[in-house]
Amino acid sequence: MKKFRGILSRVGLGLLVTAVAAYFGMEIFRVASDPLTTALVERSVAEETVEVTGFVVRQETVLENQSGIMTLLLNEGEKVGAGQTVAILYQSSDALERQEELEALQVRRRQLEYAESVTLGAATALRFDSEIWEELLRLRADISAEGLGSGTEARISSLRSMIMQRDYSAHGEDPTEELKKVEAEIEALEKTLSRSAKEITVPAAGIYSAAVDGYEALLLPETVGELLPSELESLSAGSDYSAIGKLVGSAKWYFAAVLDSGTASRLRAGGSAELRFPKLLEDKLSCRVESIGEEEEGRRTVVFSCTRYLADMTRARLAEAEIIFESWEGLRIAKKALRVNEDGQSGVYCLVGLSARFKPVNVVFKGEDYCLVEPDDPSGETTRIREGDQVIIAAEDLYDGKVVG
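Residues -14 to 390 in this note's numbering are what the sequence shown spells out, letter by letter.
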């Protein structure tokens, strides 16, 4: 009898092991045949755009070059006042060397004036040691990031000044006598330079640009809209010009491009349009449609205008742009995630814990393999899809409340 019971126990244990193995086998088969795939919901923007290439047009006055050695005093995109000096013309290389000597003496004078004003002694020298060390660290960081540029040159000059001031402080020397000597040298050089250097000024206010390309006389704001597409595309400035720069006289700049007639018909002269210059500016710009020209072989010249970011556009001439006709903003989900529930309502299933929860959506845009839906309801309803939800893309026989995790 005991032997019979042992056989039954072994049979029962074998059946239990077989049942457990079968269960796990079925679960593995179910997961393999019904893979759960999800994706995170994120905000996105879709746009309908047309890419064009055209000319940037400005009100420009060329500053003609003159014989001699020129030194520019302005940076690209810098604002200039009427009568302001933009450059200095030297009669010879000797005059330029004297100017450089004068600038070095002026720096020296500022250093001596500062050294004369500080408290002398060991404590001041120790303070300068700390400041010099910090300035050296900043200089090393600048050189590592940008190389030897105008910013590092200014920092080197500042470092030299601090070292000289530290020496005066450490030794307790009085810089008054040397300061008088430097001032006398400056006065003598200034008298000499007044006879061998000439200041070049601008007649009106504007923005300075060193980029002169020869199109300044060909592309005029008042006439560019009259050019036929073939005339605009065939413009050629050549390279025979000499100038020290140009003055952009108005904050308003223009963009002239050739569009096919179908695209141009979607615009209205006097209306507004959104443009983006991806290689020049990060922001999209709200522009005015200045004019839509006559049709030529199914194309028209369209001129846009804008009053923003002029300082960033002073060097641009031939530019690529995108005309944005329409844009949509919403939550991005894969098209495959869209489903219709048993009530005939369109929506998606989201993974909430271990369960699938149905959330209705309102599609605002459909792309090739994705769509944008309206963002979450401001009322805070938990049944609406939200940014950060896990949308179920692939799963079989979904229904609200199904355990899928």
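All C-beta atoms in this analysis are idealised placements derived from N, C-alpha and C, irrespective of residue type, glycine included.
Because the structure is a prediction, the values reported are computed rather than measured.
Outcome for residue i when other beta-carbon atoms lying within 10 angstroms are tallied against a minimum of 16
i, result
"residue 45", "buried"
"residue 214", "buried"
"residue 202", "exposed"
"residue 299", "buried"
"residue 247", "exposed"
"residue 384", "exposed"
"residue 320", "exposed"
"residue 253", "exposed"
"residue 341", "buried"
"residue 126", "exposed"
"residue 67", "exposed"
Reference residue i; option with closest CA among the options
i, options, result
"residue 289", "342, 40, 32, 350", "40"
"residue 56", "185, 244, 260", "185"
"residue 295", "74, 141, 59, 240", "240"
"residue 357", "337, 318, 199", "318"
"residue 30", "338, 374, 316", "316"
"residue 262", "283, 293, 140", "293"
"residue 360", "314, 36, 376, 200", "314"
"residue 350", "279, 337, 311", "311"
"residue 238", "384, 275, 244, 309", "275"
"residue 90", "308, 353, 168", "168"
"residue 258", "73, 339, 25, 308", "308"
"residue 211", "280, 161, 35", "280"
"residue 120", "140, 129, 128", "140"
"residue 28", "170, 222, 355, 216", "355"
"residue 74", "58, 54, 85", "54"
"residue 283", "115, 245, 297", "245"
Residue i to residue j span [Cα, whole Å]
i, j, result
"residue 38", "residue 60", "28 angstroms"
"residue 148", "residue 69", "35 angstroms"
"residue 302", "residue 97", "48 angstroms"
"residue 92", "residue 166", "14 angstroms"
"residue 190", "residue 183", "20 angstroms"
"residue 95", "residue 145", "12 angstroms"
"residue 172", "residue 271", "54 angstroms"
"residue 48", "residue 192", "12 angstroms"
"residue 80", "residue 286", "51 angstroms"
"residue 251", "residue 329", "38 angstroms"
"residue 16", "residue 325", "The predicted model places residue 16 with a pLDDT of 46, which falls under 50 and marks its position as unreliable; any figure quoted below should be read in that light. Answer to the nearest angstrom: the Cα atoms are 23 angstroms apart."
"residue 256", "residue 62", "29 angstroms"
"residue 375", "residue 32", "25 angstroms"
"residue 336", "residue 266", "40 angstroms"
"residue 373", "residue 143", "51 angstroms"
"residue 339", "residue 387", "8 angstroms"
"residue 34", "residue 291", "19 angstroms"
"residue 78", "residue 124", "32 angstroms"
"residue 344", "residue 234", "57 angstroms"
"residue 227", "residue 128", "34 angstroms"
"residue 381", "residue 323", "13 angstroms"
"residue 327", "residue 379", "18 angstroms"
"residue 115", "residue 273", "56 angstroms"
"residue 162", "residue 170", "13 angstroms"
"residue 58", "residue 352", "53 angstroms"
"residue 122", "residue 160", "28 angstroms"
"residue 36", "residue 297", "21 angstroms"
"residue 392", "residue 85", "Residue 392 is absent from the structure shown; the chain starts at -14 and stops at 390."
Pair within 9 angstroms by beta-carbon distance, residue i and residue j
i, j, result
"residue 65", "residue 206", "no"
"residue 232", "residue 194", "yes"
"residue 187", "residue 71", "yes"
"residue 83", "residue 177", "yes"
"residue 87", "residue 204", "no"
"residue 305", "residue 269", "no"
"residue 249", "residue 229", "no"
"residue 200", "residue 236", "no"
Residue i CB to nearest heavy atom of the ligand ZN below 8 angstroms
i, result
"residue 41", "What this structure holds is no ligand at all, so the ligand ZN is not there to describe."
Whole-Å CB distance - residue i paired with residue j, under 8 angstroms assumed
i, j, result
"residue 370", "residue 23", "Not quite, the Cβ-Cβ distance comes to about 13 angstroms (not below 8 angstroms), so this is no contact."
"residue 333", "residue 348", "At roughly 10 angstroms, the Cβ-Cβ gap does not stay under 8 angstroms, so residue 333 and residue 348 are not in contact."
"residue 389", "residue 25", "In fact, because the Cβ distance is near 17 angstroms, the residues do not count as touching under 8 angstroms."
"residue 181", "residue 76", "5 angstroms"
"residue 243", "residue 217", "6 angstroms"
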